[in-house]
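Enquirer:
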Ligand SMILES: [Zn+2]
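Numbering (the working numbering), first residue to last: 2 to 422.
1. Quick test of your reading: residue 265 and residue 291, contact by CB under 8 Å. State the CB separation rounded to the nearest angstrom.
2. In terms of residue numbering, what span does the alpha helix (DSSP H) encompassing residue 392 cover?
3. Assess contact between the region 66-86 and the region 373-381, defined as three or more Cβ pairs (one per stretch) separated by less than 8 Å. Is contact present?
4. Could you check the C-alpha separation between residue 412 and residue 121 for me, to the nearest Å?
5. What are the boundary residues of the alpha helix (DSSP H) that residue 32 is part of?
6. Which of the three DSSP states, helix, strand or coil, is assigned to residue 416?
7. DSSP three-state call for residue 218: helix, strand or coil?
8. Identify the continuous beta strand (DSSP E) that holds residue 186 and give its terminal residues.
9. In three-state terms, what does DSSP make of residue 342?
10. Cβ atoms of residue 187 and residue 59: under 8 Å apart, would you say?
11. Is any heavy atom of ligand 1 found at a distance shorter than 7 Å from the C-beta of residue 25?
12. From the DSSP output, which residues share a beta bridge with residue 282?
13. With a threshold of 7 Å (Cβ to nearest heavy atom), would residue 114 be considered close to ligand 1?
14. Of all the options 270, 342, 332, 348, which has the alpha carbon lying nearest to the alpha carbon of residue 359?
15. In or out: residue 324 buried (at least 16 other Cβ within 10 Å) or exposed?
16. So, is residue 70 buried or exposed, given that buried needs 16 or more other C-beta atoms within 10 angstroms?
17. Here's the rule: buried if 16 or more other CB atoms are within 10 angstroms of the residue's CB, otherwise exposed. What is residue 95?
18. In terms of alpha-carbon separation, which member of 182, 128, 118, 56 lies closest to residue 175?
19. Reducing DSSP to helix, strand and coil, say where residue 2 ends up.
20. Check whether the Cβ of residue 80 sits closer than 7 Å to any heavy atom of ligand 1, and report yes or no.
21. Please work out which residues of its chain come closer than 7 Å, Cβ to Cβ, to residue 233, disregarding the five sequence neighbours upstream and downstream, and give them in chain order.
22. Alpha carbon to alpha carbon, how far is residue 409 from residue 111? Give it in angstroms, no decimals.
23. Would you mind working out which of 65, 81, 97, 117 sits nearest residue 11, comparing C-alpha positions?
24. Given 8 Å as the limit, is there contact between the region 201-208 and the region 341-354, that is, 3 or more CB pairs closer than that?
25. Helix, strand or coil for residue 123, going by three-state DSSP, please let me know.
26. Comparing the CB of residue 92 with every heavy atom of ligand 3, is any distance shorter than 7 Å?
27. Use the C-beta contact count for residue 33: other C-beta atoms within 10 angstroms, 16 or more gives buried, fewer gives exposed.
28. If you count every other CB in all the chains shown that lies within 10 Å of the CB of residue 296, and 16 or more means buried, which is it?
29. Work out the CA separation of residue 130 and residue 84 for me, nearest whole Å.
30. Quick one: any contact between the region 243-262 and the region 296-316, if contact means 3 or more CB pairs under 8 Å?
31. I'd like to confirm something about residue 260: is its beta-carbon nearer than 7 Å to some heavy atom of ligand 1, or not?
32. Over the uninterrupted beta strand (DSSP E) stretch that includes residue 246, give me the two end residues.
33. At which residue ranges does the region 64-115 contain complete alpha helix (DSSP H) runs of 4 or more residues, listed in the order of the chain?
34. Quick check on residue 9: does DSSP put it in helix, strand or coil?
35. For residue 289, which option in 274, 214, 381 has the closest C-alpha, if you only look at C-alpha atoms?
36. Starting from the N-terminal side, write out each stretch of the alpha helix (DSSP H) that is 4 residues or longer and does not extend beyond the region 136-205.
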């Protein structure tokens, strides 16, 4: 193992001592374990000569000054919290990668023109409060206080109380907002949490954007009847009607696959749910994701159309409700090009695809040009103690991150900027 790989490994291990349980890693939002990881992060950054600031929601911002003190910062980072039975890489890999980059800059005595920051976001996972990316939402002005005050965990503890415990006032979350003039760019390294890189035997992916879900709740109303005495001709079987619709949803998504749109029916309930009763009602939920809003909406329209066709052919009533329609986030093309050029220089052959999961990067894009780097997840497993990414792969991600941080944090000669566009 190379020296830098050993360093990455031991830093990761130091974080993963915190919250280690038999069921996996547990560093839940606004708990002692998350706090302890933040304290360790601050300590390690201080050791590298960085200045530490904790903002109004608990994001920890470590800063390495550049030659131009008032210049906007090139920031890297991710989150230190986990789900209840989390793995050793989700979130923390990106924070450790940021530390590794700063350690290398220090070793090489490199003074950047712009400041370099590592941000350890708080509460990225929605496990506790049902609300994700609380830290980066707050930093980018997307955290609605009205919404936030309603959030409670499963023990009835409100987000406001949990924050109060660490001396943060939910009324002041907007003090965490950073302006476009403070941040030059943001780069997040994250494990893929999917199988694509490993399947293609590649080491790096550059995300084009973050797919957002459009969600439907579909209610099919037929007629419950005795399963023995109701002839096949006299049935209004809600389950059969719903099934027909589900099969078509797969087909519609397959037909939109060139836009990389996906659709899933993951919740399906049959009422009354008895062996001897023809199903009278079915409720199912559809999750449609992609970067292309028009493509997502085409699937919704086709589902509605198909619902009307099934209604008339089977004599059932079908209601299709849109329960969520989030906008996908496109990440900055300029940053993507910087990442792609750096890959080329480093002899890496990256994949380019959208992220199916949400990340802090999706919020940061609204404040500054943002890029998202994926490293492989073994078998695509995540949010699970089995989560695994090889240290060599994280180290390759660090090489890319380091190169891009340097590229972005150095003032380019005017002539150079002109010729390179
Ligand atoms: Zn994550």
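Every residue, glycine too, gets a C-beta built ideally from N, C-alpha and C.
All figures in this text were calculated on a predicted structure; none of them were measured in a lab.
Expert: This is what the structure holds:
1. Here residue 265 refers to the residue found at position 264 when the chain shown is read from its first residue. Here residue 291 refers to the residue found at position 290 when the chain shown is read from its first residue. Not really, about 12 Å apart at Cβ, beyond 8 Å.
2. Translated into the one-based positions of the chain shown, residue 392 becomes position 391. Judged by DSSP secondary structure, residue 392 falls within the alpha helix (DSSP H) whose first and last residues are 392-410.
3. Between the region 66-86 and the region 373-381, the count of Cβ pairs shorter than 8 Å is below three; the stretches do not touch.
4. Your numbering for residue 412 matches position 411 in the chain shown. Your numbering for residue 121 matches position 120 in the chain shown. Distance between the alpha carbons of residue 412 and residue 121: 26 Å.
5. By one-based count along the chain shown, residue 32 stands at place 31. First-last for residue 32: undefined, no H or E at that position.
6. As a first step, residue 416 must be located in the chain shown, where it is residue number 415. At residue 416 the pLDDT is 41, less than 50, meaning the model places this residue with poor confidence; the figure from the coordinates comes in the next sentence. Note: residue 416 maps to helix in three-state DSSP.
7. Numbered from 1 along the chain shown, position 217 holds the residue referred to as residue 218. Here residue 218 carries a strand assignment [DSSP, helix/strand/coil].
8. The count along the chain shown starts at 1 and reaches residue 186 at position 185. According to the DSSP assignment, residue 186 belongs to the beta strand (DSSP E) that extends over 184-192.
9. The count along the chain shown starts at 1 and reaches residue 342 at position 341. It is helical.
10. In the chain shown, the residue the question calls residue 59 occupies position 58. In the chain shown, the residue the question calls residue 187 occupies position 186. Not closer than 8 Å, so no.
11. Reading the chain shown from its first residue, position 24 is the one you call residue 25. Not one heavy atom of ligand 1 falls within 7 Å of the beta-carbon of residue 25.
12. Position 281 of the chain shown, counted from the first residue, corresponds to residue 282. For residue 282, which the question treats as bridged, DSSP gives the partners 222, 272.
13. Numbered from its first residue, the chain shown carries residue 114 at position 113. Residue 114 has its CB no nearer than 7 Å to any heavy atom of ligand 1.
14. Counting from 1 along the chain shown, the entry for residue 359 is found at position 358. Of 270, 342, 332, 348, the residue nearest in Cα terms is 332.
15. Along the chain shown, one-based indexing puts residue 324 at 323. By the 10 Å Cβ count, residue 324 comes out exposed.
16. For the purposes of this step, residue 70 is identified with residue 69 of the chain shown, where counting begins at 1. Its Cβ having fewer than 16 others within 10 Å, residue 70 is exposed.
17. Walking along the chain shown from the start, residue 95 turns up at place 94. Answer is buried; the Cβ neighbour count reaches 16.
18. For the purposes of this step, residue 175 is identified with residue 174 of the chain shown, where counting begins at 1. Ranking 182, 128, 118, 56 by Cα distance to residue 175 puts 56 first.
19. For this step, residue 2 is matched to residue 1 along the chain shown. Assignment of residue 2 by DSSP, reduced to helix, strand and coil, places it in the coil class.
20. The residue labelled residue 80 in the question sits at position 79 within the chain shown. Yes, since a heavy atom of ligand 1 falls inside the 7 Å radius drawn around the Cβ of residue 80.
21. Taking the first residue of the chain shown as position 1, residue 233 is located at position 232. None.
22. Counting from one through the chain shown, the residue named residue 111 turns up at place 110. Counting from one through the chain shown, the residue named residue 409 turns up at place 408. Near 14 Å, if we compare the C-alpha coordinates of residue 409 and residue 111.
23. Along the chain shown, one-based indexing puts residue 11 at 10. It is 97.
24. Yes, the region 201-208 touches the region 341-354.
25. The sequence position of residue 123 within the chain shown is 122, counting from 1. In this structure, residue 123 counts as coil in the three-state DSSP scheme.
26. The ligand content of the structure shown is limited to ligand 1, which means ligand 3 is not among them.
27. The count along the chain shown starts at 1 and reaches residue 33 at position 32. By the C-beta density criterion, residue 33 is exposed, having fewer than 16 other C-beta atoms within 10 angstroms.
28. Along the chain shown, read from residue 1 onward, the residue named residue 296 stands at position 295. Buried, because 16 or more other Cβ atoms sit within 10 Å of the Cβ of residue 296.
29. Along the chain shown, read from residue 1 onward, the residue named residue 84 stands at position 83. Along the chain shown, read from residue 1 onward, the residue named residue 130 stands at position 129. About 11 Å.
30. Because the criterion of three Cβ pairs below 8 Å is met, the region 243-262 and the region 296-316 touch.
31. To locate residue 260, count along the chain shown from 1; it is residue 259. Distances taken from the Cβ of residue 260 to the heavy atoms of ligand 1 include none shorter than 7 Å.
32. Position 245 of the chain shown, counted from the first residue, corresponds to residue 246. No beta strand (DSSP E) contains residue 246, which is instead part of the alpha helix (DSSP H) from 239-256.
33. Counting whole runs of 4 or more residues, the region 64-115 contains the alpha helix (DSSP H) stretches 93-108.
34. Within the chain shown, numbered from 1, the residue matching residue 9 stands at position 8. DSSP places residue 9 in the helix class (H, G or I) of the three-state scheme.
35. Residue mapping note: residue 289 aligns to position 288 of the chain shown, counting from 1. 214 is the residue among 274, 214, 381 whose C-alpha sits nearest the C-alpha of residue 289.
36. For the region 136-205, the continuous alpha helix (DSSP H) assignments of 4+ residues that do not extend past its boundaries occur at 146-149, 160-166, 197-200, in sequence order.
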